[in-house]
Amino acid sequence: MRKGRETLLTLLEAFVYDPLIDWTVGGEGLAGTSFGGISATISTRQSKKDLEKEVTLSMFNVRCTEMKVEWHDNKEQIQKDIPSLLSHFNSWLDVHKKIDETEDYLQDLHQQMALVKEAEAHGANKHSLYNLPSRYEIYCKTQEAMKTAKKDIDKIVNEAETHITTYLEALKLLESSQFAQWIQDLKTPSNDMNVFDLVKEFLHNAGKNDIITQCEQSESDVEQLSKLQNLSIRRCLQLLQEYHAILSQCPKSYIENHRMYLFLNWCKFMTDTKTVESCDAVYEKFRLFLDLSNAKHTLQFSFSLEGCYKETVAQVNKLYEDLTKIRAQESSASLEKLYATARLGVSTFLSCEKGATSAFEFVIANELVLLNKNFLTLETAASRSGDLLIKLTSRDGDWFLDELVLNSTRVVEMINNLPLKQEGEDERFLKILNGIRSANNVYKGLHELHFNFHTIILPESMKKIQSEEPTAIQMITDLGSLIMELGTTIPEMIAQLEKILSCLFMQMDINPSYELVLDRVSSLRTKFYHLVQTQTDTLSAGKMLLMGFNGLFDKLTQEMHNLVNLLGNVDIPTPWKKLDQVKEAKNIAAHIFNPKVHEILEDIFLLKRLQTMSEFFELTLEMCQSFKGSGKHVVFSDEQLVKPVRQFIADFISRQLLGITTEAVAYTVCFLLQNLSLDVEHEIEQKDIGAETKVPLDELCHKAWNCLLKQGIFTQNLVSQASSFSANLKSAWEKIQEPKKIELKLTVLQSSAMRIQNQLTVYNFMYEEILTQLHVYTGVRSKFIIDLKNEMTTLKSIHAKLTEAREKQQLLIENAHQRLNWAKGANPNVIEISAAFESAVSARDGRLTLEQTIESEVLAACKVILQHELLRTHCNESKGYDKLFLNSFEKWRIACQYTTSRNDVLTPTEESIMNLLTTDLLHNPKWLEAISEIISDLITMSQRKLSEDRATLLCVYDDLTSSIEKFKEVYNTHCKLMSDVKSLIKSMTKIEDYGTQTQQFVSDYRQYIDNFSSLFSKFKKDMNLEDVKTCVDYLHLLEQRTEQIYGDLLNLEAKRNRPQLIRQDCVSVSPAKMAKQENTKGQQRNAYAVNVWRRVKMKLEGRDPDPGRKYTSQEQVDYVIREATNLDNLALLYEGWTPWV
């Protein structure tokens, strides 16, 4: 290096004093420099930030590229070492387990020896141990009886476990994607081409017409049988699908209330307890299992469900008839066409007639007055109904919400028909119109809440709770716990919030004790939203149900916010508020535009939301308990199940919505009249307001009619035309609404009918045996069993015939192959025929083989499901299992009774000594000494084994220590590689587009690296069993996360928070952008400087010219001097350092 020092210093001087680089200090490191002499001023702060970002990302990219090979090697080494370490740890655990067992056995032997020595010390026949030989025969008989009885019990346990495992695998198959794939594969049409068509001409030319006939017949047989097999398999799959659909709605308790499940649990219970009392308890359970004491409840529930279903179907049929009559008169398309024609007529009238716009606006204003009067009548009736609002219906029997929604929609339809110009209209007028639309959105939100609850939430909740879906049950439990944590009831909290509202209305000071209620509500809101929000990518069934239910309320709340924001700050002239319709609307309206009142109302309706959810889920749980037969007989009607939601809607309308739309409509009329040049304020002031201090709006319209006619704003003829066109439009719109109204009702009732029908089908499937014995024949399960049995028989028969046909056909195929092979030499064209024939045969065989594979697996699933369902019935097979269980039970009970009746009870130590006795020792007067010698020998052998196991444990520990040390070296290499990019990753967390992903990686990596630290800290010389198990857990975590962590690091730069949008210059170039182009030159130069810096850094690190290898210092010096003294680089050196780099 010394010999090249002078050359190196010259190059360094050229580098430092290069006029193209300004080494201005700023920011962090080189990221603060600028290129080409551009200083870091305020105007270039953004470019400096961009430069820092580019430098960070570029350096990270370079580092990742440099260490990619080592990084992958390190990952593979870790993945290779973890299984080895796990193997060593498992060996340690195995040896440790043996040592524990040997120590326990040795302790037992020492206790036996102590008892023997104690007996020897007492002398002959002076210790109870001397009576052991006389009790040996009784003991052997007892043990033999227990052993024989247990053999029968174990046989039942094994059969039950095998059956349950096979059955669960069949159910798992029905839920898998493989099952759906089979259905798809079988639907795929097969190629009907006869494979022998390819060789037909060849065989004919060879004079083998008899073989052609055989081939055609064979192909016809195989194809026909294949189609029959395909059809039979598809029928089996359909039956299994229907079975799974029913079973998925059955309670978990029903699935486990099966002979095999019960026999398995009862047998295990008896063998664990080994007492007569436990046997008697099992017999009582078996008796209850066969008992029909709950038959009355089952029959009542089935009849109630069937009654609900028939009633709902009758309503569906009536509505369908009504809809058919309406559609017969005028189809949906003709009604839409009629409406479009009416709109076109209005549009033509407005564009062709002078003054038509004013006339039409006046007509709309009058219609709004009449409509608003009817609307107010309906709202007043709703306001006076109080708590009975939930039962308020129209003359046609429709719930009051439907009428309110229809009236609100009528209003929106009318104001949408107004020929307004957005630019010239009063801003207040536009706000009022948008407020009416927003109020209509709230009404529609309430209607959607009612409709979607009825058609989506109710059937899904019933299905999930009825089937005891764990996450749904947990969700309901969590919701209940949330309410219980309040320390008081929801109605009490609502009552306290109502007191706060009263204080606000009367402008009184709020009692400080009420702050506690507000704090509770705030805490409840936070906890509830935390319960609703999900922390994982996959949603459970319970979470989806809660989110769907809550989403209906959230949408309503958002629409209410929009309404308050739109109408909350509209400045209405004071005289307008003297109108009768405005005053009547205000009398029934809530003060929702007062911010404080609105906040309290939001709190009240949050509580009502939770109360609604809780009450509905309680009703569903109660009905599902009755469905299972474990509760009182309860079958709720739709009206009862929907009542909590209807109560919420009724409260919401009465407390927040009444009077809002009607007041806004009255103002709309005023604005319309004012736009027609009527001085509305003056007319109201001049009007005799009478004793009630209110001006009738219809009289104001009448006054406007006279004034506007005199002023010539429009003529009477124009108004008549406008009224005619408006009436046509209104009539066409009303005709469209009538069938829509019936369709909505029909959808709701069809949803109810389908839900009740599903429940009835599932219930009859579950309790068919009981209902049949009560002479109620449902035929759900029996039909399934018969259909499945018949289809299996058919499929087996077809399979046998198809196998035989294929075997015969295979001989013909081989014959054809042989003849083709003989003819290949003489006729080259035969080669192509032979290849095509082989391909066609192979394709056809592949399809048939696939079908037969599916057929064998489907038959296996059908067989176990059929057997499972047969065992629920009173068939010979189930009776045989009952008899087998009772016989085994009786043997076990007798054995337990015999064991219990023995006068002498052996201690565990005496029983161990008894097991050492043999027939020869019984007649040996010195049997105790012999036993003592046997125990002594066993102790010696156990001690020797214990020493060997401990030595083995030390060897295993040494191997484990060696493996851990190697693993530490791999970990150190990992840390060294990470140290190169750690600071860059920290910088990337501050970059906008990469921050979220990088922070997530940092969090994941911290957890990952903690596993290494914890593993190494737990591993020590005197570690115990728990330490080793913990180490194994850490290794499993490392094994799971290694691939992800190593991959995430390399992909970190590519993972932006969101893709950036790129505006193409050819599409749009703004003048401002063109003006800024001059200002971006410095940034472009900075980007060039960054590229220079990259290459310089590569040189300084000795990675030039090969980035994948780090050169030694001497190699770097030699390379730099060689390049600098090369004449080919003279021109570059003359220009300066940066071009040369």
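Using full-length UniProt numbering, read the sequence shown as starting at 1 and increasing by one per residue.
C-beta atoms are modelled at their ideal positions from N, C-alpha and C, and glycine is treated no differently.
Handout entry: Cα-Cα separation, E28 to S983
Key = A caution first: E28 carries a pLDDT of 40, below 50, which makes its placement in the model unreliable, though a value can still be read off. Cα to Cα, E28 sits roughly 12 Å from S983.
Problem - For H775 and C875, the rounded distance between their alpha carbons - result: 17 Å
Problem - Extent of the continuous alpha helix (DSSP H) run through M941 - result: 927-979
Practice task
Leaving out five residues on either side along the sequence, give the residues of the same chain with a beta carbon under 6 Å from the beta carbon of A732.
Solution key: L338, Y339, A342
Problem - Chain-order list of residues whose beta-carbon lies under 6 Å from that of L946 (same chain, five-residue window excluded) - result: T102
Handout entry: With 16 other Cβ atoms within 10 Å as the buried cut-off, status of M484
Key = exposed
Exercise for the section: Measure the Cβ-Cβ separation of A382 and I684 and say whether it is below 8 Å. Expected result: no
Problem - the segment 49-61 in contact with the segment 1000-1015 per 3-pair CB rule at 8 Å - result: no
Problem - Below-8 Å beta-carbon distance, E367 vs any chain D residue - result: Judged by its chain identifiers, the structure shown contains no chain D, having just a single protein chain.
Problem - Reduced DSSP secondary structure (H/G/I, E/B, other) of V695 - result: strand
Practice task
Assuming L545 contacts K628 (C-beta within less than 8 Å), just tell me the rounded distance between them.
Solution key: In fact, because the Cβ distance is near 20 Å, the residues do not count as touching under 8 Å.
Exercise for the section: Identify, in the order they occur along the chain, each residue of the same chain with its Cβ nearer than 6 Å to the Cβ of K98, setting aside the five sequence neighbours on each side. Expected result: D949
Practice task
Could you tell me whether the segment 75-89 touches the segment 1037-1054, using the rule of 3 or more Cβ pairs below 8 Å?
Solution key: yes
Exercise for the section: In angstroms with no decimal places, state the Cα-to-Cα distance between D1065 and K990. Expected result: Reliability of the predicted coordinates at D1065 is poor, the pLDDT of 38 falling under 50, and no value is obtained from them.
Exercise for the section: Evaluate K138 with the Cβ neighbour count: other Cβ atoms within 10 Å of its Cβ, from every protein chain shown; 16 or more gives buried, anything less gives exposed. Expected result: The amino acid occupying residue 138 in the given sequence is Ile; Lys does not appear at that position. Label assigned to I138: exposed.
Practice task
Starting from L673, follow the alpha helix (DSSP H) in both directions and report where the run begins and ends.
Solution key: 660-675
Practice task
Identify every residue that forms a DSSP beta bridge with W399.
Solution key: T393
Handout entry: Backbone secondary structure at S34 - three-state DSSP
Key = Its pLDDT being 41, under 50, S34 is placed unreliably by the model, and the measurement read from it follows with that caveat. Here S34 sits in strand by DSSP.
Handout entry: Alpha-carbon to alpha-carbon, F289 and I894
Key = 23 Å
Handout entry: Separation of E855 from K808, as counted between CA atoms
Key = 21 Å
Problem - Which of helix, strand or coil DSSP assigns to L579 - result: strand
Practice task
Would you kindly work out how many angstroms separate the C-alpha atoms of F714 and G355, rounded to a whole number?
Solution key: 5 Å
Exercise for the section: Use the C-beta contact count for I786: other C-beta atoms within 10 angstroms, 16 or more gives buried, fewer gives exposed. Expected result: exposed
Handout entry: L672 and A359 closer than 8 Å at C-beta
Key = no
Practice task
Would you mind stating whether F89 and V1028 have Cβ atoms separated by less than 8 Å?
Solution key: yes
Exercise for the section: Can you tell me the Cβ-Cβ gap for K966 and D81, rounded? I've got them flagged as a contact below 8 Å. Expected result: 7 Å
Handout entry: Assigned exposure category for residue 1159 - 16 Cβ within 10 Å defines buried
Key = As shown, the chain starts at 1 and ends at 1141. That puts residue 1159 outside it, with no answer to give.
Practice task
Count the other CB atoms, across all protein chains shown, that sit within 10 Å of the CB of G307; report buried if there are 16 or more and exposed otherwise.
Solution key: exposed
Practice task
Give me the Cα-Cα distance between D1033 and L1052, rounded to the nearest whole angstrom.
Solution key: 28 Å
Problem - T275 - DSSP class collapsed to helix/strand/coil - result: coil
Handout entry: Neighbourhood of L378 by C-beta distance below 8 Å, restricted to the same chain and skipping five residues each side
Key = F400, E403, L404, N407
Problem - Stretch pair the segment 972-986 + the segment 56-68: three plus CB contacts closer than 8 Å - result: yes
Handout entry: Burial state of N294, where buried means 16 or more other Cβ atoms lie within 10 Å
Key = exposed
Handout entry: K586 vs E681 beta-carbon contact at 8 Å
Key = no
Handout entry: Assigned secondary structure, E992 (DSSP; H/G/I helix, E/B strand, else coil)
Key = coil
Practice task
Tell me where the alpha helix (DSSP H) around S522 begins and ends.
Solution key: 514-532
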